[in-house]
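Visitor: Read the sequence shown against the working numbering and you will find it ends at 428, with the numbers running on by one and no gaps.
Note that the Cβ used here is the ideal one computed from N, Cα and C, for glycine as well.
Just so you know, these numbers come straight off a predicted model, no measurement behind them.
Sending over a structure as structure tokens; questions will come in a sec.
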Amino acid sequence: MQISTKETVELIITATLIFLLAPAFVLIYVNLYNQRKKKLVEEKALLESKFQQELLKTQVEMQEQTLNHISREIHDNVTQVLSFVKLNLAIPAKATPEQAEQKISESRNLVAQVINDLRDLSKSLSYEHIMQLGLVQTIEIEAGRVNKSGIIKVDLAIGGDARNLGEQRELVLFRIFQEALNNALKHSGAKQLKISLDYFDHLFNLTIQDNGVGFPAHSLNKSGSGLRNIVNRAALIGADAVIDSAPGKGCCIKITIDPLTQYTHANGNHNSPG
Numbered sequence: 155m156q157i158s159t160k161e162t163v164e165l166i167i168t169a170t171l172i173f174l175l176a177p178a179f180v181l182i183y184v185n186l187y188n189q190r191k192k193k194l195v196e197e198k199a200l201l202e203s204k205f206q207q208e209l210l211k212t213q214v215e216m217q218e219q220t221l222n223h224i225s226r227e228i229h230d231n232v233t234q235v236l237s238f239v240k241l242n243l244a245i246p247a248k249a250t251p252e253q254a255e256q257k258i259s260e261s262r263n264l265v266a267q268v269i270n271d272l273r274d275l276s277k278s279l280s281y282e283h284i285m286q287l288g289l290v291q292t293i294e295i296e297a298g299r300v301n302k303s304g305i306i307k308v309d310l311a312i313g314g315d316a317r318n319l320g321e322q323r324e325l326v327l328f329r330i331f332q333e334a335l336n337n338a339l340k341h342s343g344a345k346q347l348k349i350s351l352d353y354f355d356h357l358f359n360l361t362i363q364d365n366g367v368g369f370p371a372h373s374l375n376k377s378g379s380g381l382r383n384i385v386n387r388a389a390l391i392g393a394d395a396v397i398d399s400a401p402g403k404g405c406c407i408k409i410t411i412d413p414l415t416q417y418t419h420a421n422g423n424h425n426s427p428g
């Protein structure tokens, strides 16, 4: 079978067009690929920036909360104890040596107590103490402080074998706990607060439940920024936040997270906590 001259010309023209157009298609593809890659890099950088900003905001808010607590603690506890020490050391001239020694001994013990309290307060000035103590112990300390104040009764339960969830996650989880606690103290009118930390093989739950006045479920979006922050910050670390409430039924906040789930760290890498 012979190929005609016309067919040969058409074949040459077609091959030439393919030869000429192929690089153009390659250039278009490469250009689109580079644009897509650039967009992904920009989105990733934006995500990293937002993560860093939110993490910094969390740290600052925690320190502000701690400073408020320290201010109250110094005013309500340390100042009163030192005032009592001052009065105690005003030993009457007629006091016997035994009475004087007793007052001095009492004052020495009170001063030692104040020193320990101030040492604990100074440690809590930095959010880094959470990293050192861990989430469970830090929440235990906070629950003890609230119980000591007598404002509300806090019941704390730990289920399963506690383990590290990752520094950034525990930092955000503790801030969520602080916000939930503040909401309960300021708005709920509750007399009791139940807190549970449950550790399962591939699941962690933080539950904070009060017996306060509650609020309609549909009004959640209209409620204070604290509850919205809880939802947003939970998503930040790959957790789910469920807030359940009804008038007269109190409020229950449940944070659920799979410790093995990958999430975006401040450096942009996707890793699960070690």
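1. Which residues in the same chain have their Cβ closer than 6 Å to the Cβ of residue 411, if we skip the five residues on either side of it in sequence?
2. Take the Cβ of residue 334 as the centre, count every other Cβ of all protein chains shown within 10 Å, and call the residue buried at 16 or more, exposed below.
3. Along the chain, where does the beta strand (DSSP E) containing residue 410 start, and where does it finish?
4. Measuring alpha carbon to alpha carbon, tell me which of 356, 168, 397, 285 ends up nearest residue 315.
5. Looking at residue 361 and residue 328, is the spacing between their C-beta atoms short of 9 Å?
6. Taking the DSSP output, what are the residues bridged to residue 346?
7. Keeping to the same chain, check which residues put their C-beta closer than 7 Å to that of residue 245; ignore five residues upstream and five downstream.
8. Taking residue 353 as the reference, which of 290, 383, 331, 268 has the closest Cα?
9. Taking DSSP as the reference, what is the three-state secondary structure of residue 360?
10. Can you give me the C-alpha to C-alpha distance between residue 402 and residue 312, rounded to a whole angstrom?
11. With residue 235 as the anchor, note down where its beta strand (DSSP E) starts and where it stops.
12. Taking just the CA atoms, how far does residue 184 sit from residue 173?
13. Taking only the alpha-carbon atoms, compute the straight-line gap between residue 323 and residue 397 and give it to the nearest angstrom.
14. Which of helix, strand or coil does DSSP assign to residue 319?
15. What is the rounded straight-line gap between the Cα of residue 268 and the Cα of residue 238?
16. Just tell me which of 345, 178, 326 has its CA closest to the CA of residue 309.
17. With DSSP run on the structure shown, which of helix, strand or coil describes residue 420?
18. With residue 366 and residue 350 assumed to form a contact (beta carbons below 8 Å), what rounded beta-carbon distance in angstroms separates them?
19. If I follow the unbroken beta strand (DSSP E) through residue 228, where does it start and stop?
20. Taking the alpha-carbon of residue 270 as reference, which of 240, 287, 259, 232 has the nearest alpha-carbon?
21. In or out: residue 390 buried (at least 16 other Cβ within 10 Å) or exposed?
Guide: So, from the listed chains and residues:
1. Taking the first residue of the sequence shown as 1, we reach residue 411 at position 257. Contacts found: 358, 393.
2. Walking along the sequence shown from the start, residue 334 turns up at place 180. Residue 334 should be labelled buried.
3. Here the question's residue 410 lines up with position 256 in the sequence shown. Residue 410 -> beta strand (DSSP E) spans 405-411.
4. Stepping through the sequence shown from its first residue, residue 315 is reached at position 161. Comparing Cα-Cα distances from residue 315 to each of 356, 168, 397, 285, the minimum goes to 356.
5. Position 174 of the sequence shown, counting from 1, holds the residue named residue 328. Position 207 of the sequence shown, counting from 1, holds the residue named residue 361. No. Outside cutoff.
6. Walking along the sequence shown from the start, residue 346 turns up at place 192. DSSP lists 307 as partners of residue 346.
7. Locating residue 245 in the sequence shown gives position 91, counting from the first residue. Around residue 245: 254, 257.
8. Within the sequence shown, residue 353 is the residue found at index 199, counting from 1. The residue with the shortest Cα to Cα distance from residue 353 is 290.
9. Position 206 of the sequence shown holds residue 360. Reduced to three states, the DSSP call for residue 360 is strand.
10. On the sequence shown, residue 402 is found 248 positions in, with the first residue counted as 1. On the sequence shown, residue 312 is found 158 positions in, with the first residue counted as 1. Each residue's Cα considered, the two are about 27 Å apart.
11. Taking the sequence shown and counting its residues from 1, the one referred to as residue 235 is at position 81. Counting along the chain, residue 235 falls outside any beta strand (DSSP E), though it belongs to the alpha helix (DSSP H) covering 233-242.
12. Numbered from 1 along the sequence shown, position 19 holds the residue referred to as residue 173. Numbered from 1 along the sequence shown, position 30 holds the residue referred to as residue 184. Distance between the alpha carbons of residue 173 and residue 184: 17 Å.
13. Here residue 323 refers to the residue found at position 169 when the sequence shown is read from its first residue. Here residue 397 refers to the residue found at position 243 when the sequence shown is read from its first residue. Roughly 19 Å between the two C-alpha positions.
14. As a first step, residue 319 must be located in the sequence shown, where it is residue number 165. If DSSP states are grouped into helix, strand and coil, residue 319 belongs with coil.
15. For the purposes of this step, residue 268 is taken as residue 114 along the sequence shown, with counting starting at 1. For the purposes of this step, residue 238 is taken as residue 84 along the sequence shown, with counting starting at 1. Distance between the alpha carbons of residue 268 and residue 238 is about 12 Å.
16. Position 155 of the sequence shown, counted from the first residue, corresponds to residue 309. Nearest C-alpha to residue 309: 345.
17. Here residue 420 is taken as the residue at index 266 of the sequence shown, counted from 1. The predicted model places residue 420 with a pLDDT of 38, which falls under 50 and marks its position as unreliable; any figure quoted below should be read in that light. Correct three-state label for residue 420: coil.
18. Counting from 1 along the sequence shown, the entry for residue 366 is found at position 212. Counting from 1 along the sequence shown, the entry for residue 350 is found at position 196. Not really, about 17 Å apart at Cβ, beyond 8 Å.
19. Counted from its first residue, the sequence shown places residue 228 at position 74. Looking at the DSSP string, residue 228 is not in any beta strand (DSSP E), and its letter there is neither H nor E.
20. Sequence index remark: in the sequence shown, residue 270 carries index 116 (1-based). When each option's Cα is compared against that of residue 270, the closest is 232.
21. The count along the sequence shown starts at 1 and reaches residue 390 at position 236. The residue in question, residue 390, is buried, as its Cβ has 16 or more Cβ neighbours within 10 Å.
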